[in-house]
Amino acid sequence: MEKLISASLIGLSQGAIFALMALALVLVFRSTRVVNFAQAGQAMVSTYIGWEVVTRTENYWIALPAAALAGALLAAIIETFLMRPLAKRASHGAIAPVASIIASLGVLGVLHSGAAMIWTSEQKLFLSPVSVNGIEIGSTVYPFSQADILIISTVIIVMSTFAFFFQRTSLGLSLRAAAFQPEISRLAGVKVDRVRTIGWALSGAAGAIVGVLVTPGNYLSPFSLDILLVYGFVAAVIGGLESPQGAALGGLILGMSLSFTSIYVSSGLTFIVPFVVLLLILIVKPKGIFGGGSSRNA
Amino acid sequence: MSLIVRNLSVDHGAIRAINNLSFIVEKRRLTAVIGANGAGKSTLLRTLSGLIPASEGKASWGEHNLLKGKAEQHVRNGVSHVSEGKSVIPELTVEENLDLGALWRRNKKEADVTKKYVLELFPRLGERLKQRGDTLSGGERQMLAIARALMSKPQLLLLDEPSLGLAPLVIEQIFQTIRDIANSSDLTVLLVEQNAMGALKIADIGVVLNLGNIVAIGPSADLIADPAIRAAYLGY
Chain V
68 MEKLISASLI GLSQGAIFAL MALALVLVFR STRVVNFAQA GQAMVSTYIG WEVVTRTENY
128 WIALPAAALA GALLAAIIET FLMRPLAKRA SHGAIAPVAS IIASLGVLGV LHSGAAMIWT
188 SEQKLFLSPV SVNGIEIGST VYPFSQADIL IISTVIIVMS TFAFFFQRTS LGLSLRAAAF
248 QPEISRLAGV KVDRVRTIGW ALSGAAGAIV GVLVTPGNYL SPFSLDILLV YGFVAAVIGG
308 LESPQGAALG GLILGMSLSF TSIYVSSGLT FIVPFVVLLL ILIVKPKGIF GGGSSRNA
Chain F
5 MSLIVRNLSV DHGAIRAINN LSFIVEKRRL TAVIGANGAG KSTLLRTLSG LIPASEGKAS
65 WGEHNLLKGK AEQHVRNGVS HVSEGKSVIP ELTVEENLDL GALWRRNKKE ADVTKKYVLE
125 LFPRLGERLK QRGDTLSGGE RQMLAIARAL MSKPQLLLLD EPSLGLAPLV IEQIFQTIRD
185 IANSSDLTVL LVEQNAMGAL KIADIGVVLN LGNIVAIGPS ADLIADPAIR AAYLGY
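Protein chains in written order, with the numbering used here: chain V, 68 to 365; chain F, 5 to 240.
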């Protein structure tokens, strides 16, 4: 019973992180068709900004929105000054589908080395606002902390806010429309370029929140968030790569599979589990769980 | 206000899709542009709505230069384009598709008035507001596409092959609706069609395009009566 509760709660906490990372990737992919490898680097730089704020103010609750803002800004800059001109220049031929991917890898490299130059590669300690030790109930200590509760609740709040924004606001409607059918959206008067930048900014903010949520209790280094890129991608692909709900579900499935395997089977399997899960789901549903309802034009 | 196209040429790479086209569409007229596949009809509309650039010439609607600025700006200047192939967004609901056309409008009360008018025009859409676009029939989708364009309160409506892929009865209905809209509002319509007979029947003026060139232009009744046009484009 204790095992079951622990596995579920850890799965939930990890799943929440993967889900938010997946959402960040999905937001960029659905609006600009870019598979953004730089996402991990953007989250990392934003987390360093959060670290700067938290070491100066000793207040996590200022650092979190500050990092989100920095993440949004950084993403908007990358989209406006790199990805958009690139998409216009490399729109034809064999290079068109890969140009943006290569560019995003380049950005990741620049962010890695830039961060190492500014903050050195030495690991930084990011103080948690709550206890990262296992919660004690009676005589049992669960491998589950207040920090996990913070992660789960923050991700739920962030994702519900996103859902409300996308489904209930005019700007959210423009974002969805521009993602599905840019040309029709243009003809309807949506300023598609601007809306795409906003999509990137939201994604950057989501990635930054991931970084500031997982880093407390761990160390921060220029490479410390890279592994989340892999998990985030797996979760996003499980969900169909285009659907925010899919990202949430994909993250949850992945988080649960990881925690149940490591608690019930062996923690040595954690590197294989994501890919086994991914393969199994893609064999059953090749377009991901929420993927590929209708075809898309231009 | 009128649509003035002068010496317009458009190239697709090395191919000249539209060659030195000149014509005028008077305000409140319904003009049909007919011609075979590849005549340059869609290219003409896509150029006028700002989706693709022109190579040479001029095109204006009133004081607005249609060859400058992006498509999203053209809508704000009163030019709405319903692109080829039932241009609705299938993933969005009917209501979201409608609202999309008026998102840019500052005055939400006026937009609500337009919505009411549009739903009176297409009561079928009103019954399906919460349904996704891809649950509609072909005819309903075309209606939604036109309705969305009307939500932007256009003065010039560009329609690209609204009859494409629809059943004969539905085509008749759509054409009748287009004629009704043109009659009842202050709207100038430029209709591009492969269904030459259907389009000429409802149009005031007809323009016949062939390989990017105008081969005939005049009152549509005259074109229908012209034996050469009949043989080449109307099939009898």
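Ideal Cβ positions, reconstructed from N, Cα and C, are used throughout, including at glycine.
For R128 of chain F, none of the residues of chain V pass the 8 Å Cβ criterion, the least Cβ distance being about 20 Å.
Straight-line measurement puts the Cα of T264 of chain V at about 21 Å from the Cα of F300 of chain V.
Taking 4 residues as the shortest admissible run, the stretch 87-171 of chain F contains the following complete alpha helix (DSSP H) segments, listed from N- to C-terminal end: 98-104, 112-125, 127-130 and 142-155.
Per the C-alpha coordinates, the member of V:A182, V:L136, V:V177 and V:F338 positioned closest to Y115 of chain V is V:A182.
The beta carbon of E146 of chain V sits no closer than 8 Å to any beta carbon of chain F. For the stretch 241-270 of chain V, the set of positions with a beta-carbon nearer than 8 Å to some beta-carbon of chain F reads S241, R243, A244, F247, Q248, E250, I251, S252, R253, L254, A255, G256, V257, K258 and V259 in chain order.
For S227 of chain V, no CB of chain F lies under 8 Å from its own CB, so it is not counted at the interface with that chain. L195 of chain F has its alpha-carbon roughly 13 Å from the corresponding atom of Q180 of chain F. Using beta-carbon distances, V79 of chain F counts as an interface residue toward chain V, with a partner under 8 Å.
Among the residues facing chain V, A58 of chain F is not included, as its CB has no counterpart in that chain under 8 Å away. For a Cβ distance threshold of 8 Å, residue set D103 and L107 of chain F lies close to S237 of chain V, ordered along the chain. Proximity of chain V to A75 of chain F at the Cβ level (cut-off 7 Å) is accounted for by R253 and L254, in chain order. Non-local beta-carbon contacts of F290 of chain V in its own chain, meaning distances under 7 Å to residues more than five positions away in sequence, involve H179 in chain order.
For E124 of chain F, not one C-beta of chain V is nearer than 8 Å to its own C-beta. Annotation: R234 of chain F is outside any alpha helix (DSSP H) and is labelled neither H nor E by DSSP. Beta-bridge pairing by DSSP links E60 of chain F to F:S13. Neighbourhood of I93 of chain F in chain V, by CB distance below 7 Å: A244, F247, Q248 and I251, in chain order.
In chain V, no part has a C-beta under 7 Å from the C-beta of E88 of chain F; the shortest such distance is about 10 Å. The three-state secondary structure of S291 of chain V, taken from DSSP, is coil. In this structure, V225 of chain V lies away from A130 of chain V, with their beta-carbon atoms at least 8 Å apart. Per DSSP, E119 of chain V lies in no beta strand (DSSP E) segment; the continuous alpha helix (DSSP H) that holds it begins and ends at Q106 to T124. Considering only V:S288, V:I339, V:I350 and V:V304, the residue with the shortest C-alpha distance to G358 of chain V is V:V304.
DSSP, read as helix, strand or coil, puts R100 of chain V in coil. For the pair of segments examined, the stretch 209-224 of chain V was found to touch the stretch 192-200 of chain V: the number of CB pairs separated by less than 8 Å reaches three.
Within chain V, the residues whose beta carbon sits less than 9 Å from that of E100 of chain F are L240, R243 and A244, listed in sequence order. DSSP places R20 of chain F in the strand class (E or B) of the three-state scheme. Identification of chain V residues near H85 of chain F by a Cβ-Cβ cut-off of 9 Å yields L254, ordered along the chain. Distance from the Cα of K90 of chain F is smallest, within the candidate group F:D190, F:L7, F:S167 and F:K113, for F:S167.
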